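Taken in sequence, the protein lines are chains E and D. Mapping of the first sequence onto the working numbering: position 29 corresponds to residue 29, and the numbering continues sequentially without gaps. Every position in the second sequence, counted from 1, becomes a number in the working numbering once 1000 is added.
Protein chains: 2
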Amino acid sequence: MQFELNKNTISEIKQLIISNDTVAISSMLKELHYADIADILDEVDFDSAIIVFKLLDSEISSDILAELDEDIRDKILQALSAKEIAEEIDELETDDAADIIADLPEDQKEEVIAHLEDVEHAKDIVDLLRYDEDTAGGIMGKELIKVYEDWTMFTCVREMRRQAENIDKVHTVYVVDDHEILKGRLSLKSMLTTSTKTPIKEIYNDAVISVKIDDKDEDVALIMQKYDLIVVPVVDEMGRLVGKITIDDVVDIIKDEAEKDYQMAAGLTEDVEADDSVFELVKGRLPWLILGLIGGLGSVFIMENFEGALSKYKALFFFTPLIAAMAGNVGVQSSAIVVQGLANNIIKGSIWKRLLKEVSLSLLNGIILSLMILVFGQVMGYEFNFTLSIAISLVAVIIIASLVGTFVPILLHKKGIDPALATGPFITTSNDIFGIFIFFYIAKLILGF
Amino acid sequence: MQFELNKNTISEIKQLIISNDTVAISSMLKELHYADIADILDEVDFDSAIIVFKLLDSEISSDILAELDEDIRDKILQALSAKEIAEEIDELETDDAADIIADLPEDQKEEVIAHLEDVEHAKDIVDLLRYDEDTAGGIMGKELIKVYEDWTMFTCVREMRRQAENIDKVHTVYVVDDHEILKGRLSLKSMLTTSTKTPIKEIYNDAVISVKIDDKDEDVALIMQKYDLIVVPVVDEMGRLVGKITIDDVVDIIKDEAEKDYQMAAGLTEDVEADDSVFELVKGRLPWLILGLIGGLGSVFIMENFEGALSKYKALFFFTPLIAAMAGNVGVQSSAIVVQGLANNIIKGSIWKRLLKEVSLSLLNGIILSLMILVFGQVMGYEFNFTLSIAISLVAVIIIASLVGTFVPILLHKKGIDPALATGPFITTSNDIFGIFIFFYIAKLILGF
């Protein structure tokens, strides 16, 4: 069974919608995976999306709701009554259900919750609404299989059958004590190979890694990656088992985190995508461009101040874009290495060692690049003193730019600010200004204008 | 049980190594998770790492080997004999085992393989060595539970017990026919709730998503993310079940992919990390800086050509860093949006619509920024015509830079080249040169120097 969604399928569906052939659409949808149907809804216009959505069984339509892009989901939810939404929610796992309800308008929330059929399910969902979106509590689900340490294997298997509803998504059976405190886990192996009379207490594995309910979602992601976990139990302040987080939810966090850093480095405020509207794109891009503009105007000021050099050393002014570019590039490189190092937790050791390393590597890079400048100066027939002053100031600019790029993110990180802020336009712009100032200042010292 | 590794633990271990108290070290290591011990080995010096490594049980030391940074792992392997390496490999799952063997020197490979105890395991590993690292075959493991469709549930459970060795890591039971062709999967639920006489044929679920053995690892990652899969079966050209890939292996690919894009955008050749040596860091950073230098020298050339404007419009030359910065920033923004869009498969629709969108959004950004320039010019007391020429050329530069930033990555992608190449220094440098040329050219047209 191959679930490749191709363009033909989409245009076929579009045709069927136009000819209003609901029978054919329904039979086509039955063949498709919900994630593919979600893709189709993202592709077609909104009215068609509603037509398709209403043709689906609630079992599959709920999965699609959880999968859809937020803007389309919001539109579809607006077209549904509170009762209809509640029917969808009834089919969903608690974590997805809570995410959807959290996004509803305040007044609709209660109405939808009141319409939920399964009271236990509703309780779990309401419970989850309490937690911050970016904590373990905010991403966990309530669905899990737990057994009490006093039970025998026989009770345990019977209980698992009772809870068998969601059981094919359960990867671990957790063991708790009378107070619901997490004690360990039970492997499938021990369940298959132990006699039914054995008490759970004797066979469970007490080496279980858990996260706390108020742990940051990024930390949960790091822990799951480090220990190669596919599912991790969540405990409250008392150590009681309250939920579980599966790796597929964490994959999205890992990806979002990486994309956020990337977007910041590229000078985009968070979450701008190629298919956003022109207005949203301007909103995402303009702030950083204004920052760049202010930086550029700063350079204009600096050069006005060194105007005196123009008569004798006009070529100095031809080198400013080069100096600015080098300062910017070096700064971005340094900050990117630090930001990734901080994210992967490998920035350790003394600050002096890091300083020494950064200076020596910049010195090496700077000297190589300066030699190239000297060759270029010879070829162009510039005065040697003039090229030398450019070469020397280039080395200085590179060293200082790399120090700024290295230590600004470390400082931000220490102050609890996202160090990724320091990559991209912010570091480029400040390094541009620094760079140009240092360049002219050193040139002035050497050439004496 | 909390597996937090803190600095105290590390310094304690270091102390114990100095005082050569192997008993205390051993008992301390017993309390730690293998991923934490791997962290410790990354931290201490190499001789200490070897001491610690040799104190470990082979069951845990093999997991640590699979977890270690490549450079430290290579060093440790060099300190082991082929027989010792084979003992470690014997304990590992086939995918990790194959990865380690693949990295060994050619002559050592065969020797290690010859020392492997379990012939079946060795066969599987040798099998895996055939596949490219970046394909489904290269990342899959051979460990899986498969049952034949003709079996009854009774045979199935008996067989699962036999294979119970690795069973607590198995999440799905696959069903194959006599020719080993993948037919479907068996849920834990149906196993728990079906009588032992039921034939597998009647109860298995045939909706199973699989990947082909030569699928790209990035595509496997996309499929697993899209369909929220925790494990995916791998089939060969005939549809025969040959292995499985779990999400924790794919998480690393997703992360590497995102980090690679980020590093390219920041002007780093792949895989430079904060704790690499100065030499490696120079190697990772210098090439892009040289590119930037060449770009900067290009700007020098251009300005030499417009030197005539110096006498009358010297302030024009003060604006070049601003123009270059804006061209660079806009280009990076555009390319980053396109690269992310391509990675997430949301760059669709006609090229003309995208062109129109990019031009209109750049026009909007450009006009707002130009108005700010005009105000600045008034404040500085520049001639109005002069500021106007800067404002107009800024709009032109922004539009062209955003078009270059948008369409270069799309073009590269169409040619099968990684579009991320077009972000960062490459696009910045070319946009710097373009930008400065356009700037002077338009200024010349308007001001007529």
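For every residue, glycine included, the Cβ atom is placed at its ideal position computed from N, Cα and C. Since the model is a prediction, treat every value here as computed from it, not as a measurement.
### Query
Does P1425(D) get closer than 8 Å to chain E when you measure Cβ to Cβ?
yes
### Rounded separation between L1129(D) and F1434(D) - CA only
48 Å
#### Entry: Straight-line gap, F1046(D) to V338(E) (C-alpha atoms, nearest Å)
24 Å
#### Entry: Simplified DSSP assignment, three categories, for T196(E)
coil
### Query
In three-state terms, what does DSSP make of K1123(D)?
helix
### Message
Classify T1269(D): buried if its beta carbon has 16 or more other beta carbons within 10 angstroms, exposed otherwise.
### Response
exposed
### Query
Span of the alpha helix (DSSP H) holding Y441(E)?
425-447
### Query
What whole-angstrom Cβ distance do T196(E) and T152(E) have, given they're in contact under 8 Å?
7 Å
### Task
Give the single residue among F1376(D), G1267(D), M1238(D) whose Cα lies nearest to the Cα of F1426(D).
G1267(D)
### Query
Leaving out the 5 sequence neighbours to the left and right, which residues in its chain are closer than 6 Å to I64(E) when beta-carbon positions are compared?
Y34, I37, A38
#### Entry: Neighbourhood of V509(E) by C-beta, 6 Å cutoff - its chain only, sequence neighbours within 5 removed
Coverage of chain E is limited to positions 1 through 449, which leaves residue 509(E) absent and any answer about it impossible.
### Query
Between Y313(E) and L447(E), which are expected to be in contact by the criterion C-beta below 8 Å, what is the C-beta distance as a whole number of angstroms?
6 Å
### Message
So, at 7 Å on beta carbons, what are the nonlocal neighbours of E59(E) in its own chain, with the 5 sequence-adjacent residues on each side left out?
### Response
E91
### Task
State the Cα-Cα distance for the pair H121(E) and H1121(D), rounded to the nearest angstrom.
46 Å
### Query
Does any C-beta atom of chain D lie closer than 8 Å to the C-beta of Y227(E)?
yes
### Beta carbon of I213(E) nearer than 8 Å to that of G141(E)
no
### Cβ of V58(E) within 8 Å of any chain D Cβ
At residue 58(E) the sequence reads Ser, which differs from the Val that was named. So, not an interface residue.
### Task
Give a yes or no on contact between the segment 1111-1118 of chain D and the segment 1082-1096 of chain D, applying the rule of three or more CB pairs nearer than 8 Å.
yes
### Message
Which same chain residues end up closer than 7 Å to I1438(D) when comparing Cβ atoms and leaving out the 5 residues on each side of it in sequence?
### Response
S1393, A1396, V1397, I1400
### Task
Let me know if I1018(D) comes out buried or exposed under the rule of 16 or more other beta-carbons within 10 Å of its beta-carbon.
exposed
### Query
Does the beta carbon of S1299(D) come closer than 8 Å to any beta carbon on chain E?
yes
### Sheet register partners of L241(E) (DSSP bridge)
V235(E)
### Message
Let me check understanding here. Comparing Cα to Cα, which of V242(E), L403(E), G284(E) lies closest to Q333(E)?
### Response
L403(E)
### Query
How is K1283(D) classed by DSSP in three states: helix, strand or coil?
helix
### Task
Tell me whether A1265(D) is buried or exposed, calling it buried when 16 or more other Cβ atoms sit within 10 Å of its Cβ.
buried
### Message
Below 8 Å, how does it come out for the segment 1152-1161 of chain D and the segment 1191-1210 of chain D: are there three or more Cβ pairs, yes or no?
### Response
yes
#### Entry: Nearest candidate by alpha-carbon position, reference D256(E), set A1343(D), V1208(D), V1119(D)
A1343(D)
### CA-to-CA distance, I1442(D) to S1389(D), given in whole angstroms
7 Å
### Query
Rounded to a whole number of angstroms, what is the C-alpha to C-alpha distance between Q2(E) and S1350(D)?
Note on Q2(E): pLDDT 42, under 50, position unreliable in the model; the coordinate value appears next. C-alpha separation (whole angstroms): 28 Å.
### Query
In angstroms, rounded to a whole number, what distance separates the CA positions of I76(E) and I50(E)?
7 Å
### Query
Which value, in whole angstroms, describes the spacing of the CA atoms of K1244(D) and S1187(D)?
16 Å
### Task
Measure the alpha-carbon distance for G1341(D) versus A274(E) and round it to whole angstroms.
6 Å
### Message
Considering just the uninterrupted stretch of the beta strand (DSSP E) at G184(E), what are its terminal residues?
### Response
182-186
### Query
At least one CB of chain E closer than 8 Å to the CB of M1001(D): is that the case?
Low per-residue confidence applies at M1001(D): pLDDT is 37, beneath 50, and the placement is therefore not dependable enough to give any value.
### Task
Apply the 10 Å Cβ neighbour rule to L16(E) and answer buried if 16 or more other Cβ atoms are within range, or exposed otherwise.
buried
#### Entry: Residues near A97(E) by beta carbon distance below 7 Å, same chain, minus five either side
I89, I125
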